[in-house]
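Sequential numbering from 33 applies to the sequence shown in the numbering used here.
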Amino acid sequence: MEVVQRYIYSDTELDRTESEAIEALKENSQQPIPDPDRWLDEELERNILLTSLDTILDWARRSSLWPAICFPACCAFELIAANASRFDLSRFGMEILRASPRQADLMITAGTLTWKMAPQVKRIYDQMAEPKWVIAMGACGISGGIFRSSYNVVPGYNRIVPVDVYVPGCPPRPEALIHGIRMLQNKIAKEHTNIKLSPL
Ligand code: SF4
Numbered sequence: 033m034e035v036v037q038r039y040i041y042s043d044t045e046l047d048r049t050e051s052e053a054i055e056a057l058k059e060n061s062q063q064p065i066p067d068p069d070r071w072l073d074e075e076l077e078r079n080i081l082l083t084s085l086d087t088i089l090d091w092a093r094r095s096s097l098w099p100a101i102c103f104p105a106c107c108a109f110e111l112i113a114a115n116a117s118r119f120d121l122s123r124f125g126m127e128i129l130r131a132s133p134r135q136a137d138l139m140i141t142a143g144t145l146t147w148k149m150a151p152q153v154k155r156i157y158d159q160m161a162e163p164k165w166v167i168a169m170g171a172c173g174i175s176g177g178i179f180r181s182s183y184n185v186v187p188g189y190n191r192i193v194p195v196d197v198y199v200p201g202c203p204p205r206p207e208a209l210i211h212g213i214r215m216l217q218n219k220i221a222k223e224h225t226n227i228k229l230s231p232l
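As structure tokens, then:
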């Protein structure tokens with residue numbers, strides 16, 4: 033655009049010219065200018081997801097389950113296999129086995145439990161932070177399995193801790209354990225989180 037520059041030396045003429053420019057601008061500014069960011073609306077429609085805080089928290093929890101180490105017997109080897117590269121439990125955000133119960137929110141009971149070990153397992157469970165879940169893995173975890181009638185075997189972990197999902201088998205294969213984990217994730221997705229927000 034060609035700019036015509038005009039020099040004004042008179043104050044009166046300067047005021048008049050300025051007034052004319054202002055009046056012309058007012059005349060042409062009666063309506064708001066259309067939003068130049070209409071493209072932004074389309075981008076937002078494709079990128080914004082509306083949901084509730086409960087849903088987000090439940091999604092985060094079920095996608096990052098960290099199991100406590102609790103492997104008293106032979107089912108443990110299938111759990112270890114499920115964690116290894118072929119079955120790759122890390123696909124579900126839970127490859128980190130925690131040695132500290134305070135950093136864990138899932139107990140997978142991979143093995144026979146004796147009454148002598150039961151207080152320690154219950155103590156591990158009690159030390160885990162809320163919310164927490166338990167998967168009873170294998171026949172021994174569910175009911176004591178082939179050792180059920182033995183005087184020193186706990187006939188199921190549900191005698192000492194609440195169990196959310198039961199995975200049968202002696203031992204269950206990694207696929208069965210993963211199926212149980214998926215069931216638990218579905219269960220967590222349906223749970224009500226009960227968040228209490230404190231005022232700022
Ligand atoms: S269910 Fe079978 S494999 Fe698992 S701990 Fe009991 S005896 Fe061992």
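Backbone N, C-alpha and C define an ideal beta-carbon position, used for all residues, glycine too.
Distance between residue j and residue i (C-alpha atoms, nearest Å)
i    : j    : result
Q62  : K219 : 59 Å
Q135 : I128 : 10 Å
Q152 : M160 : 13 Å
F119 : I210 : 9 Å
A92  : N60  : 53 Å
T44  : D67  : 38 Å
E207 : S132 : 26 Å
D196 : E77  : 38 Å
E52  : P64  : 21 Å
E55  : D47  : 12 Å
R94  : V185 : 31 Å
A108 : L85  : 36 Å
L82  : G143 : 43 Å
I80  : E74  : 10 Å
From the options, residue whose alpha carbon lies closest to that of residue i
i    : options              : result
A171 : F179, K164, W165     : F179
R123 : K222, I213, A221     : I213
C106 : L89, R118, L145      : L145
W147 : I112, I54, N79, P187 : P187
G201 : D67, T44, S51, S175  : S175
S96  : E52, L121, D73, L72  : L121
Cβ separation of residue i and residue j, assumed to be a contact under 8 Å, to the nearest whole Å
i    : j    : result
A173 : Y189 : Note that residue 173 is Gly in the sequence shown here, rather than Ala. Yes, G173 and Y189 are in contact; Cβ-Cβ is about 5 Å, under 8 Å.
L193 : K154 : According to the sequence displayed, residue 193 carries Val and not Leu. With 8 Å as the limit, V193 and K154 qualify as a contact, their Cβ atoms being about 6 Å apart.
M169 : L216 : Not quite, the Cβ-Cβ distance comes to about 11 Å (not below 8 Å), so this is no contact.
M149 : P104 : 6 Å
Residue(s) in a DSSP beta bridge with residue i
i    : result
I80  : According to DSSP, which records beta bridges pairwise, I80 is partnered with nothing at all.
R130 : A100
Problem set entry | Cβ contact (3+ pairs, closer than 8 Å) linking the stretch 83 to 102 and the stretch 150 to 164 | yes
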